[in-house]
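Read the structure below first, then the notes.
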């Protein structure tokens, strides 16, 4: 499946489009909210693994519905060394299928699913990771990126 195109601003007010990354492997991960425990754990694991991912030929993009200002504070506080994109309209989040029904403490609501998409250099989604464990997810993604680059 072709990855949906997007045009979103990062934590530094720079606009990024998926087409800007053609020719590279892209890891697009969706997360519910800046500065929450699970999202912080996931972001810090991508921060810590960024060099390994880049050496394997991949770039990391995190997307949530938080504002650019929120992303800036989150990135600065945790020294995040990758791009966080703001999708306040949830248009991109929905286009990727990362929005839907969730349950928390017995209540059902609509929100962002913790999903990640591995996108090939030609813009095709080659792997989808759904409802990931923020603590261990990076290892799975890294193994897959390394595998596709050595195939």
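Numbering (the numbering used here), first residue to last: 5 to 155. Every residue, glycine too, gets a C-beta built ideally from N, C-alpha and C. Computed from a predicted model, the values in this text were never measured in an experiment.
Residue i versus residue j: straight-line alpha-carbon distance, rounded
i, j, result
"residue 41", "residue 47", "10 Å"
"residue 150", "residue 49", "17 Å"
"residue 112", "residue 102", "16 Å"
"residue 43", "residue 19", "23 Å"
"residue 109", "residue 27", "43 Å"
"residue 22", "residue 75", "19 Å"
"residue 106", "residue 132", "18 Å"
Residue i, DSSP secondary structure in three states
i, result
"residue 62", "strand"
"residue 49", "helix"
"residue 81", "helix"
Beta-carbon spacing of residue i, residue j below 8 Å
i, j, result
"residue 89", "residue 78", "no"
"residue 12", "residue 67", "yes"
"residue 120", "residue 130", "no"
"residue 29", "residue 142", "no"
"residue 86", "residue 118", "no"
"residue 36", "residue 100", "no"
"residue 31", "residue 72", "no"
"residue 38", "residue 70", "yes"
"residue 127", "residue 6", "yes"
First and last residue of the uninterrupted beta strand (DSSP E) at residue i
i, result
"residue 147", "Not the beta strand (DSSP E): residue 147 falls in the alpha helix (DSSP H), residues 141 to 153."
Bridge-paired residues (DSSP) for residue i
i, result
"residue 13", "19 and 90"
"residue 106", "113"
"residue 121", "32 and 132"
Residue i, enclosing alpha helix (DSSP H) - first and last residue
i, result
"residue 71", "From DSSP, residue 71 is part of no alpha helix (DSSP H); its letter is neither H nor E."
"residue 39", "Segment: none, residue 39 is in no alpha helix (DSSP H) and carries neither H nor E."
"residue 99", "95 to 99"
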